[in-house]
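In case it helps, the working numbering puts the sequence shown at residues 112 to 354.
Contents: one structure, followed by commentary.
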Amino acid sequence: MNLLSQYIVASAHLYGVVPKEVVADIYNDQNEEQVTLEDVETNFLENRQAIEKAFVYLEDEHFAHDTILTFDGLAAMLEKQAGKPRYIPEKNELLKYVDDFYFEQNAAYTTLYDYVLENLVDGDSFRATAVCEDVQGMIEVNTRFKALMNVFTDRGVTFKGRKQKETVSRMIKALQNNVRLWDNNGHTNKELKEQGYNLSSHSSKVSGTSQTKKLGRNDPCHCGSGKKYKKCCINKDQQKKAR
């Protein structure tokens, strides 16, 4: 995949949906080689198969992640993003988002991971990663707080008292405010609040029903699409269980 294609894919993965001209602007700001909007369009047509294999499609002058087109709808996501500034990371960080499984492991995530590792799973790094990536992935799709806490039960992790549970609860609430969201044009809730945006509390558009213990939110989806579960059938599965 050439560099311009990587920018298309990474931008769609980070923002969910992004105008073609924004991809061109970001590319030009971060590279000596300059491209036009026509270059972006031509590049997409010439590399369409590779780009769409990464679940990125061209829709109404925007590059959009397949999840947006399947569940939210382009217009609905653009409405959520309207008026919010765009988070633009440095080139090296942005291109990490070519990997659809990538997410920024910030201080809030690391704090939760370290606590789970040391206090809840007896130093088992595999279990700690599974739990924390599930929580991270569910926050990305705006799952309710109760369901986030249910991840620990689903993964066979038990709290050794009320104090431990309250500690984890505080850490998860901190993580909720520090996860990069499509709704926020890639910003976290905390970043937008610091910039003066009055955001409503982190709410859910999906059921709080927890998922199977065997399938994590960042695991490949059971439907065989190749997408990760949180960006494919998680909403549909939760709706079925809520009936």
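Don't be surprised by glycine CBs; every beta carbon is placed ideally from N, CA and C.
Quick caveat, the model's predicted, so the values are computed rather than measured.
- Item | Three CB pairs or more closer than 8 Å across the stretch 147-154 and the stretch 232-241 | no
- Could you name the residues of the same chain whose beta carbon sits closer than 8 Å to that of residue 312, not counting the 5 residues immediately before and after it, in chain order? Only weak support is given to the placement of residue 312: the predicted model assigns it a pLDDT of 38, under 50, and the question is left unresolved by the model.
- Three-state secondary structure assigned by DSSP to residue 239: helix
- Query: So what does residue 175 bridge to, in DSSP terms?
  - Reply: 128 and 168
- Classify residue 356 as helix, strand or coil using the three-state DSSP reduction. Missing from the structure shown is residue 356; the chain here goes from 112 to 354 and no further.
- What residue does the alpha helix (DSSP H) around residue 206 start on, and which one ends it? 202-206
- Backbone secondary structure at residue 112 - three-state DSSP: coil
- Task: On a CA-only basis, which of 184, 138, 308 and 296 is nearest residue 251? Give me that one, please.
- Result: 296
- Message: Helix, strand or coil, according to DSSP, for residue 275 in the structure here?
- Response: helix
- Message: Please classify residue 154 as buried or exposed, where buried requires at least 16 neighbouring CB atoms within 10 angstroms.
- Response: buried
- Task: Between the Cα of residue 172 and those of 129, 136, 259 and 290, spot the shortest distance and give me the residue it belongs to.
- Result: 129
- Query: Do the CB positions of residue 170 and residue 156 come within less than 8 Å of each other?
  - Reply: no
- Item | Spatial neighbours of residue 165 in its chain, beta-carbon cut-off 6 Å, leaving aside the 5 residues before and after | 120
- Near residue 117, what residues of its chain come up, given a Cβ to Cβ distance below 6 Å and the 5 sequence neighbours on each side ignored? 206 and 209
- Message: Counting only beta-carbon separations shorter than 8 Å, does residue 253 have a partner in chain C?
- Response: In the structure shown, chain C cannot be found, because there is only a single protein chain.
- Message: Suppose you measure from the CA of residue 280 to the CA of residue 273; what does that come to, to the nearest Å?
- Response: 10 Å
- Query: Can you find at least 3 beta carbon pairs, one from the stretch 284-302 and one from the stretch 211-230, that sit closer than 8 Å?
  - Reply: yes
- Message: Cutting at 6 Å between CB atoms, please list the residues of its own chain near residue 177, excluding the five before and the five after it.
- Response: 166
- Task: Spatial neighbours of residue 141 within its chain, please: CB distance less than 6 Å, with the 5 preceding and 5 following residues excluded, ordered by chain position.
- Result: 202
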